[in-house]
């Protein structure tokens with residue numbers, strides 16, 4: 009979330025889920041374009057929306073989920089369902105994503 013998501017996009021991963029991701033620190037190593045699917049979840053009216061959009065432009069296959077919770081991780085059922093479906097697809101099929 010936020011700055012943590014901004015650093016998380018620097019991780020070489022098969023897919024990414026970013027909640028209100030802001031730009032990584034300026035001295036962080038940058039990769040050009042990130043392959044693989046990515047989901048960018050943010051409120052288009054939050055003060056960091058432009059940064060969230062900028063972060064998503066660094067991905068080849070960005071998808072977006074808009075919510076209306078401000079600069080926060082949304083907790084509504086609809087958004088949670090969309091994020092869960094994205095994760096299931098990105099992970100290669102339905103999996104139990106809960107911690108045990």
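In my numbering, the protein residues as written are 9 to 108.
Even for Gly, the Cβ is constructed at its ideal location relative to N, Cα and C.
Note that this is a predicted model, so its numbers are computed, not measured.
#1: Using the DSSP secondary-structure output, state which residues sit across from residue 24 in a beta bridge.
#2: Need the endpoints of the alpha helix (DSSP H) that residue 98 sits in, please.
#3: Count the other CB atoms within 10 Å of the CB of residue 82; is the residue buried (16 or more) or exposed (fewer)?
#4: Return the Cβ separation of residue 20 and residue 41 in integer angstroms, given the expectation that the two are a contact with Cβ distance under 8 angstroms.
#5: Given residue 72, which residues of its chain have a CB within under 6 angstroms of its CB, disregarding the five upstream and five downstream residues?
#6: Which residues mark the beginning and the end of the alpha helix (DSSP H) in which residue 55 is found?
#7: To the nearest angstrom, how far is it from the Cα of residue 13 to the Cα of residue 57?
#8: Assuming residue 62 and residue 31 are in contact, meaning their beta carbons sit under 8 angstroms apart, how far apart are those beta carbons, in whole angstroms?
With the structure as the only source:
#1: Stepping through the chain shown from its first residue, residue 24 is reached at position 16. DSSP output for residue 24 lists 46 as bridge partner(s).
#2: Walking along the chain shown from the start, residue 98 turns up at place 90. Residues 85-98.
#3: The sequence position of residue 82 within the chain shown is 74, counting from 1. A buried status is given to residue 82, since no fewer than 16 other beta-carbon atoms sit within 10 Å of its beta-carbon.
#4: Taking the chain shown and counting its residues from 1, the one referred to as residue 20 is at position 12. Taking the chain shown and counting its residues from 1, the one referred to as residue 41 is at position 33. Residue 20 to residue 41, Cβ: 13 angstroms. No contact.
#5: Residue numbering aside, residue 72 sits at position 64 when the chain shown is read from its first letter. So the list reads 48, once near-sequence residues are dropped.
#6: To locate residue 55, count along the chain shown from 1; it is residue 47. Run containing residue 55: none; DSSP gives neither H nor E here.
#7: Taking the first residue of the chain shown as 1, we reach residue 13 at position 5. Taking the first residue of the chain shown as 1, we reach residue 57 at position 49. Each residue's alpha carbon lies about 14 angstroms from the other.
#8: As a working note, residue 62 is residue 54 in the chain shown. As a working note, residue 31 is residue 23 in the chain shown. About 6 angstroms; that satisfies the 8 angstroms criterion.
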